[in-house]
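Participant: In UniProt numbering, the protein residues as written are 1 to 147. Sharing a structure with you now.
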């Protein structure tokens with residue numbers, strides 16, 4: 001197989017960073033670059049932000065919001081009969097949580113795009129490695145355009 005280009009090395013390093021739980025040194029060794037190169041790429045392309053988005057999926061965030069609604073409803077229901085209604089701040093919080101849930105259920109976030117891209121590239125790699133490399137470069141440009 002031919003030597004990877006600098007861009008392909010960077011793309012491979014980013015994929016390893018986002019997908020695997022490797023140290024900067026381990027990534028550098030696998031890709032064949034210096035640790036400083038990996039650090040520079042991480043900072044320039046904000047890989048940490050991407051990883052946070054990938055690790056906390058939309059489904060997890062929605063689930064957390066639902067738990068908060070449930071917790072607040074449990075507090076309201078634990079009050080004596082006749083007092084089981086939301087206070088003004090509680091009603092405001094419930095409204096904001098409901099709006100956030102609705103927005104997250106309808107919006108496609110960066111984390112979702114990155115996740116789909118990674119899955120698609122992993123699917124295509126055993127079929128056509130060159131096409132997978134090409135798609136990786138295009139998907140990366142697409143993600144950066146969405147930020």
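For each residue, glycine too, the CB sits at the ideal point set by N, CA and C. The structure displayed is predicted, hence computed values, not measured ones.
(1) Could you check if residue 123 is buried or exposed, using at least 16 other CB atoms within 10 Å of its CB as the buried criterion?
(2) Assign residue 112 to one of three DSSP states: helix, strand, or coil.
(3) If I'm right that residue 51 touches residue 18 with Cβ under 8 Å, what's the distance once you round it to whole angstroms?
(4) For residue 12, which of helix, strand or coil comes out of DSSP?
(5) Mark residue 116 as exposed unless 16 or more other C-beta atoms lie within 10 angstroms of its C-beta, in which case mark it buried.
(6) Which whole-angstrom value describes the C-beta separation of residue 42 and residue 48, a residue pair presumed to lie in contact below a C-beta threshold of 8 Å?
(7) Measure the C-alpha to C-alpha separation of residue 15 and residue 8 and round it to an integer number of angstroms.
(8) Buried or exposed for residue 136, going by 16 or more other Cβ atoms inside 10 Å?
(9) How is residue 40 classed by DSSP in three states: helix, strand or coil?
(10) Work out the CA separation of residue 40 and residue 139 for me, nearest whole Å.
(11) Three-state secondary structure (DSSP) at residue 22?
(12) Can you tell which of 6, 11, 3 and 4 has its C-alpha closest to the C-alpha of residue 114?
(13) Decide if residue 77 is buried, meaning its Cβ has at least 16 other Cβ atoms within 10 Å, or exposed.
(14) Between the region 23 to 34 and the region 63 to 70, do at least 3 Cβ pairs fall closer than 8 Å?
Facilitator: In brief:
(1) exposed
(2) helix
(3) Indeed, because the Cβ distance is near 6 Å, the residues count as touching under 8 Å.
(4) helix
(5) exposed
(6) 7 Å
(7) 10 Å
(8) buried
(9) helix
(10) 21 Å
(11) coil
(12) With distances taken between Cα atoms, residue 114 lies closest to 11.
(13) exposed
(14) No, they do not touch.
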